[in-house]
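Colleague: Pasting a structure here, questions to come.
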Amino acid sequence: MSSPDWTELCLEIAVEDTDRAAAIANMAVPYGIYIEDYSDLEQGARDIAHIDLIDEELLARDRTRALIHLYISPEDNPAEAAAYLRERLTAEGIRHELKDRQVKEDDWANGWKQYFKPLPVGKRLLIRPTWEEAGDPGGRQVLSIDPGMAFGTGGHETTRLVLETLEELVFPGAELLDVGCGSGILSIAALLLGASRTVGVDIDPLAVKTAEENGRINGFTPPRYTVKTGNLARDVEGTYDVVAANIVADAIIALSPEVPRFLKPGGVYVMSGIIDTREREVLETLERCGLTLTERREAKGWLCLTARPR
Numbered sequence: 001m002s003s004p005d006w007t008e009l010c011l012e013i014a015v016e017d018t019d020r021a022a023a024i025a026n027m028a029v030p031y032g033i034y035i036e037d038y039s040d041l042e043q044g045a046r047d048i049a050h051i052d053l054i055d056e057e058l059l060a061r062d063r064t065r066a067l068i069h070l071y072i073s074p075e076d077n078p079a080e081a082a083a084y085l086r087e088r089l090t091a092e093g094i095r096h097e098l099k100d101r102q103v104k105e106d107d108w109a110n111g112w113k114q115y116f117k118p119l120p121v122g123k124r125l126l127i128r129p130t131w132e133e134a135g136d137p138g139g140r141q142v143l144s145i146d147p148g149m150a151f152g153t154g155g156h157e158t159t160r161l162v163l164e165t166l167e168e169l170v171f172p173g174a175e176l177l178d179v180g181c182g183s184g185i186l187s188i189a190a191l192l193l194g195a196s197r198t199v200g201v202d203i204d205p206l207a208v209k210t211a212e213e214n215g216r217i218n219g220f221t222p223p224r225y226t227v228k229t230g231n232l233a234r235d236v237e238g239t240y241d242v243v244a245a246n247i248v249a250d251a252i253i254a255l256s257p258e259v260p261r262f263l264k265p266g267g268v269y270v271m272s273g274i275i276d277t278r279e280r281e282v283l284e285t286l287e288r289c290g291l292t293l294t295e296r297r298e299a300k301g302w303l304c305l306t307a308r309p310r
């Protein structure tokens, strides 16, 4: 039986509106988005791919416009998602053009893999997609991952910021709780960095299945590496040295009041997935929850915040 048709929504916006539009798009679908932004093509090719020769078709792209692709299953009401996008973008004053087409699930579930290559993160990690050879890791810990349909490859600024932060915070024997674990990348990274135990929780059963498989790929299984489907307040027990949440600002605001009771004395709360326009709201929430900001990292308009109980 063939897979049901999914809907691809393609959102065209001005490059300068990309981050704001992407934040809205991320709230419209639960599977993540794909962004085409060629505004810094030459510099990106040199810095990331270490090449100077670029395909002429890419060079001909309009550098003033960006495309955001969203892929929506039939059960998740593509028409409603499109209406949400139009309403929110218009309310934010973001001029846009929205197109849609039907696609087969396999076309987009696997087509992006050609762009995901081994990626060094921080000073100690190398993220390796399972279908690529890592080569010489140069002394780095190799984290092998197949994100499947879950968020978390290490390439997005939000994930990379958390990984760099965990590199500084995770100590030998530490215990970590990963809220909204997605692909499991944060928990696996923590174990590679010396943690003794991690627990991941996600409301999406598909993400939990993916995270479990990624744990096995890296040699981590229960009880050292545990992943469960559920809700932070209802389905998690115990206290941890680090609580990490790489989700979105709205979810962080909603979950933060519960976080202090999961922290050991001296524990730390790491939050990412926060677009800079939502920073004030998040900081106000932390204040109300008795948490004090101790570090702030930023990349391309995305923030990673670290806080500790007062």
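With the working numbering as the guide, the letters of the sequence shown map in order to residues 1 to 310.
Where a beta carbon is used, it is the ideal one built from N, C-alpha and C, also for glycine.
Note that this is a predicted model, so its numbers are computed, not measured.
#1: Would you identify the three-state DSSP class for Glu295, choosing helix, strand or coil?
#2: Mapping the DSSP letters down to three states, classify Gly184 as helix, strand or coil.
#3: With distances taken between CB atoms, is the gap from Ile203 to Gly230 smaller than 9 angstroms?
#4: Given 8 angstroms as the limit, is there contact between the region 241-255 and the region 204-220, that is, 3 or more CB pairs closer than that?
#5: Just to confirm my understanding: we take Arg140, look at its own chain, exclude 5 residues before and 5 after, and list those with CB closer than 7 angstroms. What are they?
#6: In whole angstroms, give me the CA-to-CA distance for Arg160 and Ile275.
#7: Which residues in the same chain have their Cβ closer than 8 angstroms to the Cβ of Gly290, if we skip the five residues on either side of it in sequence?
#8: For the region 206-290, list the alpha helix (DSSP H) runs that are entirely contained and at least 4 residues long, ordered along the chain.
#9: For Glu8, which option in Gly180, Ile94, Asn77 and Glu279 has the closest C-alpha, if you only look at C-alpha atoms?
#10: Please identify the residue among Asp136, Ser272, Ser183 and Gly194 whose C-alpha is closest to the C-alpha of Gly173.
#11: Nearest to Asp37 by CA position, among Val29, Met27, Ala28 and Ala14, is which residue?
#12: Report the CB separation of Ala25 from Leu11 in whole angstroms; it is logged as a contact under 8 angstroms.
#13: Out of His96, Asp136 and Trp6, point me to the one whose CA is closest to Glu75's CA.
#14: Tell me the DSSP secondary structure of Thr64 in three-state form.
#15: Rounded to the nearest angstrom, what separates Thr306 and Ala251 at their Cα positions?
#16: Return the CA-CA distance between Phe220 and Ile188, expressed in angstroms with no decimal places.
#17: Run through DSSP, which three-state label would Asp136 get?
#18: Counting along the chain, where does the alpha helix (DSSP H) carrying Glu16 start and finish?
#19: Quick one: what's Ser144 bridged to in DSSP?
#20: So, is Trp131 buried or exposed, given that buried needs 16 or more other C-beta atoms within 10 angstroms?
#21: May I ask you to report which of helix, strand or coil DSSP gives Asp100?
Modeller: From the atom records:
#1: Against the sequence shown, residue 295 aligns to sequence position 295. Strand.
#2: If you number the sequence shown from 1, residue 184 lands on position 184. Coil, per DSSP.
#3: The residue you call residue 203 lines up with position 203 of the sequence shown. The residue you call residue 230 lines up with position 230 of the sequence shown. Yes, the Cβ-Cβ distance between Ile203 and Gly230 is below 9 angstroms.
#4: no
#5: By 1-based counting over the sequence shown, the position of residue 140 is 140. Excluding residues within five positions, the ones whose Cβ falls inside 7 angstroms are Pro120, Arg124, Leu125 and Leu126.
#6: Translated into the one-based positions of the sequence shown, residue 160 becomes position 160. Translated into the one-based positions of the sequence shown, residue 275 becomes position 275. Distance between the alpha carbons of Arg160 and Ile275 is about 14 angstroms.
#7: Along the sequence shown, one-based indexing puts residue 290 at 290. Excluding positions up to five away in sequence, the list reads Pro260, Pro309 and Arg310.
#8: 232-235, 249-255 and 279-288
#9: Walking along the sequence shown from the start, residue 8 turns up at place 8. Selected option, being the one with the closest Cα: Asn77.
#10: Here residue 173 refers to the residue found at position 173 of the sequence shown. Ranking the options by Cα distance to Gly173, first place goes to Gly194.
#11: In the sequence shown, counting from the first residue as 1, residue 37 sits at position 37. Considering only alpha carbons, the answer is Ala14.
#12: The sequence position of residue 25 within the sequence shown is 25, counting from 1. The sequence position of residue 11 within the sequence shown is 11, counting from 1. The pair is a contact, with the Cβ atoms about 6 angstroms apart (cut-off 8 angstroms).
#13: Position 75 of the sequence shown, counting from 1, holds the residue named residue 75. Ranking the options by Cα distance to Glu75, first place goes to Trp6.
#14: Taking the sequence shown and counting its residues from 1, the one referred to as residue 64 is at position 64. The answer is coil: DSSP assigns Thr64 none of H, G, I, E or B.
#15: Position 306 of the sequence shown, counting from 1, holds the residue named residue 306. Position 251 of the sequence shown, counting from 1, holds the residue named residue 251. Each residue's alpha carbon lies about 16 angstroms from the other.
#16: The residue you call residue 220 lines up with position 220 of the sequence shown. The residue you call residue 188 lines up with position 188 of the sequence shown. Taking the straight line from one Cα to the other gives about 8 angstroms.
#17: Mapped onto the sequence shown, residue 136 falls at position 136. Asp136 falls in the coil class under three-state DSSP.
#18: Here the question's residue 16 lines up with position 16 in the sequence shown. Premise fails: Glu16 is in no alpha helix (DSSP H) and is neither H nor E.
#19: If you number the sequence shown from 1, residue 144 lands on position 144. DSSP, once it has assigned bridges, lists Arg128 as partnering Ser144.
#20: Here residue 131 refers to the residue found at position 131 of the sequence shown. Its Cβ having fewer than 16 others within 10 Å, Trp131 is exposed.
#21: The sequence position of residue 100 within the sequence shown is 100, counting from 1. Three-state DSSP puts Asp100 in a strand.
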